[in-house]
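J.: Counting from 1, position 280 in the sequence shown corresponds to residue 280 in full-length UniProt numbering; the numbering is continuous, with no gaps.
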Amino acid sequence: MKILSLIGARPQFIKEAVINKELEKKGIKEILVHSGQHYDKNMSDIFFETLKIKEPDYYLNIGSWNHGEMTGKIMIEFEKITIKEKPDIILVYGDTNTTLAGAIVASKLKIPVAHIEAGIRQEPKDMPEEINRVLTDRISTYLFCPSELAVENLKKENITKGVYFVGDIMHDLYKIMEPKFRYDIFNELKLKENEYIVMTMHRDFNVDNKEKLEKILQQIEKISKEKTIVFPIHPRTKKRIKEFNLEKYLEKVKVIDPIDYLNLMGMVKKSWKVITDSGGLQKEAYFAERQAIVIMPDTGWRELIELKWNKLADENNIYEKVFEKNNAKYPGNVYGKGNAGEKIAKILKHLEEINVR
1 MKILSLIGAR PQFIKEAVIN KELEKKGIKE ILVHSGQHYD KNMSDIFFET
51 LKIKEPDYYL NIGSWNHGEM TGKIMIEFEK ITIKEKPDII LVYGDTNTTL
101 AGAIVASKLK IPVAHIEAGI RQEPKDMPEE INRVLTDRIS TYLFCPSELA
151 VENLKKENIT KGVYFVGDIM HDLYKIMEPK FRYDIFNELK LKENEYIVMT
201 MHRDFNVDNK EKLEKILQQI EKISKEKTIV FPIHPRTKKR IKEFNLEKYL
251 EKVKVIDPID YLNLMGMVKK SWKVITDSGG LQKEAYFAER QAIVIMPDTG
301 WRELIELKWN KLADENNIYE KVFEKNNAKY PGNVYGKGNA GEKIAKILKH
351 LEEINVR
């Protein structure tokens with residue numbers, strides 16, 4: 001079996017590295033294509049060192065364009081490679097323009113599409129990521145879901161064939177990286193375990209509007225009078241706070257420069273709770289068995305909200321959500337047991353053995 005994998009963003013690069021190792025174990029040949037939709041030359045060396053991320057076999061160097069043009073450019077170049085390589089399956093990840101472009105090319109060439117992170121749904125329905133993931137799911141042959149809720153989402157849309165609950169690749173990654181977590185910042189700030197909150201915030205809908213940002217920071221100021229808050233501040237957020245002259249609300253907050261993944265995860269692991277608008281961090285908090293207050297109108301990880309582990313908040317109720325009593329017990333294995341990559345490779349190997357094509 002030959003698999004052609006298409007990635008286009010930093011998180012996909014890391015997830016693909018986890019999958020690649022498992023495919024190698026099963027003797028499955030993988031050709032890796034990077035669209036160049038996003039390219040981070042400063043990607044942390046720790047991921048390369050730990051995961052031994054390989055260089056792409058093809059790099060399309062697409063860059064940033066409007067959605068339609070970017071998707072079209074990727075399709076044109078990826079189709080050429082697909083025709084040349086003649087893969088048995090095309091593997092795509094998540095919800096980027098790259099993902100949709102790869103899925104469309106595969107379906108037009110009558111090659112089965114395998115979608116990792118299938119079945120995730122989030123409001124609003126007109127956001128580009130939601131459009132990409134919904135359309136990709138519609139034309140995928142094999143849908144690898146990170147949670148049971150993702151399976152249910154597909155079922156509601158009458159998609160049941162080729163659907164597998166395998167768990168979340170990010171859980172695999174967390175388990176791989178956990179022994180390497182660092183506690184430099186924790187020690188430098190002389191923090192006490194379970195007695196502080198880690199906060200991150202960068203979304204445009206939270207920081208670009210002065211009135212909304214001020215309300216959020218008023219809530220944070222109120223919390224900081226009762227609980228230590230450590231705030232690795234995103235450049236965008238820092239710029240807006242200065243521009244809107246809102247620094248006064250952060251006098252009691254430990255505002256620090258952005259920190260690397262290993263130190264951030266070390267901070268989260270020893271924290272009391274997390275406040276964030278990051279899609280990844282709200283889930284990583286769960287892996288660390290810490291509750292997250294999510295400053296978003298909706299989340300792709302609704303299962304954690306439904307289980308009352310994480311909570312959605314807005315600019316008016318963050319304080320309330322942080323200190324609200326929560327008797328929910330930690331819901332284990334929501335995203336599998338950290339062996340999603342192994343499961344995906346096993347299924348693909350089985351498909352090869354039964355000669356699915």
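All C-beta atoms, glycine included, are put in the ideal place defined by N, C-alpha and C.
How many Å lie between SER140 and GLY27 at the Cα?
T.: Each residue's Cα considered, the two are about 23 Å apart.
J.: Once DSSP output is grouped into helix, strand and coil, what is the label at LEU51?
T.: Helix, per DSSP.
J.: In terms of alpha-carbon separation, which member of LYS252, LYS242, ASP257 and ASN326 lies closest to TRP272?
T.: Among LYS252, LYS242, ASP257 and ASN326, the Cα nearest to that of TRP272 is on ASN326.
J.: If you draw a straight line from the C-alpha of ASN132 to the C-alpha of TYR164, how long is it?
T.: In a straight line, the C-alpha of ASN132 is about 20 Å away from that of TYR164.
J.: Return the CA-CA distance between MET43 and LEU246, expressed in angstroms with no decimal places.
T.: Its pLDDT being 47, under 50, MET43 is placed unreliably by the model, and nothing is read from it.
J.: Classify residue 358 as helix, strand or coil using the three-state DSSP reduction.
T.: Residue 358 falls outside the range modelled here, since the chain spans only 1 to 357, and no answer is possible.
J.: Under 8 Å by Cβ, that's how I've got ALA150 and THR96 pegged, so tell me the actual separation to the nearest angstrom.
T.: So it is not a contact: roughly 17 Å between Cβ atoms.
J.: Quick check: MET267 and ILE176, are their CB atoms within less than 8 Å of each other?
T.: No, they are not a contact pair.
J.: Taking 8 Å as the threshold (C-beta atoms), are LEU213 and ARG240 in contact?
T.: In this structure, LEU213 lies closer than 8 Å to ARG240 by Cβ.
J.: Consult DSSP for residue 364 and reduce its assignment to one of helix, strand or coil.
T.: In the structure displayed, the chain extends from 1 to 357; residue 364 sits before or after that span and is not available.
J.: Report back the beta-carbon spacing between LYS270 and GLU193 to the nearest angstrom; my notes put them in contact at under 8 Å.
T.: At roughly 5 Å, the Cβ-Cβ gap stays under 8 Å, so LYS270 and GLU193 are in contact.
J.: Consult DSSP for TYR59 and reduce its assignment to one of helix, strand or coil.
T.: The answer is strand: DSSP assigns TYR59 an E or B state.
J.: I need the DSSP call for PHE288, collapsed to helix, strand or coil.
T.: The identity of residue 288 in the sequence shown is Ala, whereas the question assumes Phe. ALA288: coil per DSSP, three-state reduction.
J.: In whole angstroms, give me the CA-to-CA distance for VAL113 and ASN333.
T.: Going from the Cα of VAL113 to the Cα of ASN333 covers about 27 Å.
J.: Comparing the C-beta of SER140 with each C-beta of chain D, is any distance below 8 Å?
T.: Going by chain labels, chain D is absent from the structure shown, which holds only one protein chain.
J.: Return the bridge partner residues of ALA114 from the DSSP annotation.
T.: LEU91 and TYR142, per the DSSP bridge assignment.
J.: Taking contact to mean at least 3 C-beta pairs separated by less than 8 Å, is the segment 316-331 in contact with the segment 142-161?
T.: As far as the Cβ criterion goes, the segment 316-331 does not touch the segment 142-161, which means the pair count is below three.
J.: Is there contact between the segment 104-113 and the segment 291-307, where contact requires at least three CB pairs shorter than 8 Å?
T.: At 8 Å Cβ cutoff, the stretches do not touch.
J.: Would you identify the three-state DSSP class for ARG357, choosing helix, strand or coil?
T.: Because the pLDDT of ARG357 is 48, which lies under 50, any placement of that residue in the model is unreliable, and the question is left without a value.
J.: Return yes when the Cβ of GLY341 is within less than 8 Å of the Cβ of ASP172, no when it is not.
T.: Contact: yes.
J.: For PHE181, I'd like the list of residues in its chain whose CB is within less than 7 Å of its CB, leaving aside the five on either flank, ordered along the chain.
T.: LEU262, MET265, GLY266 and LYS269, listed in sequence order.
J.: Return the Cβ separation of ILE7 and GLU16 in integer angstroms, given the expectation that the two are a contact with Cβ distance under 8 Å.
T.: About 5 Å; that satisfies the 8 Å criterion.
J.: Between ALA101 and ALA328, what straight-line distance do the alpha-carbon atoms span, to the nearest angstrom?
T.: Between ALA101 and ALA328, the C-alpha separation is close to 41 Å.
J.: Using three-state DSSP, classify ILE259 as helix, strand or coil.
T.: Coil.
J.: Three or more C-beta pairs closer than 8 Å, one from the segment 57-69 and one from the segment 29-37: is that the case here?
T.: Yes, they touch.
J.: Does the Cβ of ARG302 have 16 or more other Cβ atoms within 10 Å, making it buried, or fewer, making it exposed?
T.: Flag for ARG302 reads buried.
J.: So for HIS202, helix, strand or coil by DSSP?
T.: DSSP places HIS202 in coil when its eight states are reduced to three.
J.: Between GLU352 and the rest of its own chain, which residues show a CB-CB distance below 6 Å, the 5 nearest in sequence each way excluded?
T.: The answer, listed in chain order, is MET1.
J.: Which residue spans inside the segment 210-277 form an unbroken alpha helix (DSSP H) run of at least 4?
T.: Counting only runs of 4 or more, we get 210-224, 235-243 and 261-269.
J.: Kindly list the residues whose CB is nearer than 7 Å to the CB of LYS41, restricted to its own chain and excluding five residues on each side of it in sequence; keep chain order.
T.: Below a pLDDT of 50, predicted positions are generally treated as unreliable, and LYS41, at 48, falls in that range; no measurement from the model is reported.
J.: Can you pull the DSSP bridge partners for TRP81?
T.: Before going further, note that residue 81 is Ile rather than Trp in the sequence given. DSSP lists no partner for ILE81.
J.: According to the neighbour-count rule (16 or more other Cβ atoms, all chains shown, within 10 Å of its Cβ), is ASN310 buried or exposed?
T.: It is buried - the Cβ of ASN310 has at least 16 other Cβ atoms within 10 Å.
J.: Kindly indicate which three-state DSSP category ILE152 falls into: helix, strand or coil?
T.: Per the sequence shown, residue 152 should be read as Glu rather than Ile. Helix.
J.: By how many angstroms is the C-alpha of GLU77 removed from the C-alpha of MET127?
T.: Those two C-alpha atoms are separated by around 25 Å.
J.: Which partner residues does GLU30 have in the DSSP bridge list?
T.: ILE3.
J.: So what's TYR174 in DSSP terms, helix, strand or just coil?
T.: DSSP places TYR174 in helix when its eight states are reduced to three.
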